[in-house]
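Peer 1: In the working numbering, the protein residues as written are -4 to 411.
No residue lacks a Cβ here, since even glycine has one placed at the ideal position from N, Cα and C.
1. Would you identify the three-state DSSP class for residue 346, choosing helix, strand or coil?
2. Taking residue 162 as part of the beta strand (DSSP E), name the residues at either end of that continuous run.
3. Mind checking residue 116: buried by the 16 CB within 10 Å criterion, or exposed?
4. Where are the alpha helix (DSSP H) runs, 4 residues long or more, that stay fully inside the region 120 to 164, in chain order?
5. Within this structure, are the beta carbons of residue 228 and residue 191 separated by less than 8 Å?
6. Let me know the secondary structure DSSP gives residue 297 once reduced to three states.
7. Here's a check: name, in chain order, each residue in its chain whose Cβ is nearer than 6 Å to the Cβ of residue 351, leaving out the five neighbours to either side.
8. Please look up how many angstroms separate the CB atoms of residue 266 and residue 232, rounded, as I've assumed it's under 8 Å.
9. Look at residue 296 and residue 315 and say whether their C-beta atoms are less than 8 Å apart.
10. Leaving out the 5 sequence neighbours to the left and right, which residues in its chain are closer than 8 Å to residue 330 when beta-carbon positions are compared?
11. Measuring only between beta-carbons, confirm whether residue 208 sits less than 8 Å from chain B.
12. Just reading off the alpha helix (DSSP H) that residue 387 is part of, what are its end residues?
13. For residue 167, which of helix, strand or coil comes out of DSSP?
14. How close, in whole Å, do the beta carbons of residue 157 and residue 176 come, if the pair is a contact with beta carbons under 8 Å?
15. What does a CB cutoff of less than 8 Å around residue 125 pick up in its chain, not counting 5 residues either side in sequence?
16. Would you mind giving the Cβ-Cβ distance between residue 298 and residue 112, rounded to the nearest angstrom? I have them listed as a contact below 8 Å.
17. Assuming contact is defined by CB atoms lying nearer than 8 Å, are residue 342 and residue 335 in contact in what I supplied?
18. Where does residue 112 sit, in a helix, a strand or coil, going by DSSP?
19. Spatial neighbours of residue 107 within its chain, please: CB distance less than 7 Å, with the 5 preceding and 5 following residues excluded, ordered by chain position.
20. Using a threshold of 7 Å, is the CB atom of residue 334 nearer than that to any non-hydrogen atom of the ligand HEM?
21. Give the range of the beta strand (DSSP E) segment to which residue 313 is assigned.
22. Measuring CA to CA, which of 110, 250, 42 and 128 is closest to residue 310?
23. At the level of alpha carbons, what is the spacing between residue 205 and residue 198?
24. Just confirm the distance between the C-beta atoms of residue 109 and residue 143, as a whole number of angstroms; I'd bet it's less than 8 Å.
25. Does the separation of the CB atoms of residue 193 and residue 225 fall below 8 Å?
26. From 104, 167, 396 and 250, pick the residue whose C-alpha is nearest to that of residue 321; which is it?
27. Taking the beta strand (DSSP E) that residue 233 belongs to, which residues open and close that run?
28. In whole angstroms, what separates the C-alpha of residue 390 from that of residue 131?
29. In this structure, does DSSP put residue 397 in helix, strand or coil?
30. How many Å lie between residue 195 and residue 160 at the Cα?
31. By Cβ distance, which residues of its chain are closer than 7 Å to residue 123, with the 5 residues on each side in sequence left out?
32. What residue range does the alpha helix (DSSP H) around residue 217 cover?
33. Below 7 Å CB to CB, which residues in the same chain sit around residue 337 once its five sequence neighbours on both sides are set aside?
34. Taking DSSP's pairing of strands, which residues face residue 336 in a bridge?
35. For residue 400, collect the residues of the same chain with a Cβ closer than 7 Å to its Cβ; drop the 5 residues on either side in sequence, then sort them by chain order.
36. Among the candidates 209, 230, 208 and 371, whose CA atom is the shortest distance from the CA of residue 218?
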């Protein structure tokens, strides 16, 4: 027996060899043998991204075969129009003059959504005391932006747009009650809100869906998914407490605001967020320090305005601009917009009463109780300990220097 015949006989009689190498034993050939195993979904996604990057690289290569991503190959004439965009890099680097050019990509010119208080492309915060009507005002703004009746004389430069209103404040029953009641002759046949005003309310979940570590992650993911699905450009969140239950802590506020800024920039959104203010002395002027979690919220917000109670009457309020990064506002030290809450048919909203001095509104809220006076004295003492003069404290709190002096004197007498 030849050596070849010997090995062929061994292969045919060895079941393990015959199973592993069927073609040597004369069996059917396994067509999949020797081919790479199928790719996992994650591996396939990585390969697809690599192909997209290669395709994008080829697009930025000019006719002269200059790759704009290899800086050493660039000639001086390429620099004026150069866009230093690196793939898988966080930053977009361009010459400063390029950002001033008309062809610069971006969200376009800023337009007014609610006068100069909220502009398109901004992350804006509206805050005020509990029960002052923040939700009523936000719904009125949403109604106007989505194509409904405008809130005159507050300017709006944009065409009607779809609004996603995330309502964590009112239950469906309370919402229906607020906008269904009215005079006996009120018609209920005509729709009260435009079709592009979409109200989004949270559902009760017994447990987190698979893939989510906490409720915050599910909340943000659900909001992004719904905004993308609705193709909404305007987002209103009522209120910020639902996004982070510990918004007063710096860490929670930082995480929250970074998330909102990222959403705004990525999807070219205009976002209005409602927030509360901790209990404050009712005779003081409203400042940015009254915003709950003020420092982090203020640093990341493009604009902030407040809704305050007024001493003119129980139905009176006023609007005050606190921060305005992209617009020239009125004299925020004194001038505010006086508004009045009232019902027109089924709709509950505000009407404009003119521009006035803030000092004419201070002092309403819940009356001056003993706790209010104690809070005022504590506030004055805190400012004095920080090095503020009595005149500076008086100007900030909207009172006379003599009142500040008396409060400090009371504190000194009480400590003796």
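Peer 2: Let me lay it out:
1. Here residue 346 sits in strand by DSSP.
2. In the DSSP assignment, residue 162 falls within the unbroken beta strand (DSSP E) covering 158 to 162.
3. Around the beta carbon of residue 116, a 10 Å sphere encloses 16 or more other beta carbons of the protein chains shown; the residue is thus reported as buried.
4. Given a length threshold of 4 residues, each whole run of the alpha helix (DSSP H) inside the region 120 to 164 is given here in chain order: 129 to 140.
5. Cβ atoms of residue 228 and residue 191: not closer than 8 Å.
6. It is coil, neither helix nor strand.
7. Once the five neighbours on either side are set aside, the close Cβ partners of residue 351 are 333.
8. With a Cβ gap of about 7 Å, residue 266 and residue 232 count as contacting.
9. No, Cβ-Cβ distance for residue 296 and residue 315 is not below 8 Å.
10. Once the five neighbours on either side are set aside, the close Cβ partners of residue 330 are 350, 351, 352 and 353.
11. Although the question refers to chain B, the structure presented lacks it and comprises just one protein chain.
12. That run of the alpha helix (DSSP H) goes 385 to 392.
13. Helix, per DSSP.
14. The pair is not a contact, with the Cβ atoms about 27 Å apart (cut-off 8 Å).
15. In the same chain as residue 125, and ignoring 5 residues on each side of it, the C-beta atoms closer than 8 Å to its own belong to 271, in chain order.
16. The C-beta distance from residue 298 to residue 112 rounds to 7 Å, short enough to meet the 8 Å contact threshold.
17. Cβ distance not < 8 Å, so residue 342 and residue 335 don't count as in contact.
18. Three-state DSSP puts residue 112 in coil, outside helix and strand.
19. Result list for residue 107: 114, 150, 151 and 152, in chain order.
20. The ligand content of the structure shown is nil, which means the ligand HEM is not present either.
21. First-last of the beta strand (DSSP E) with residue 313: 311 to 319.
22. That would be 128, whose Cα lies nearest to the Cα of residue 310.
23. For the pair residue 205 and residue 198, the Cα-to-Cα distance works out to about 17 Å.
24. Between residue 143 and residue 109 the Cβ distance is about 13 Å, and since that is not below 8 Å, they are no contact.
25. Contact flag set, yes.
26. Measuring from the Cα of residue 321, the nearest candidate turns out to be 104.
27. Start and end: 229 to 233.
28. Near 31 Å, if we compare the C-alpha coordinates of residue 131 and residue 390.
29. Helix.
30. A direct Cα-to-Cα measurement between residue 195 and residue 160 gives close to 6 Å.
31. Result list for residue 123: 129, 272, 301, 302 and 303, in chain order.
32. Element bounds for residue 217: 210 to 225.
33. Within the same chain, residue 337 has close Cβ partners 310 and 346.
34. Here residue 336 is bridged, per DSSP, to 345.
35. Only 385 meet the Cβ criterion.
36. Taking only the C-alpha atoms, the option nearest residue 218 is 230.
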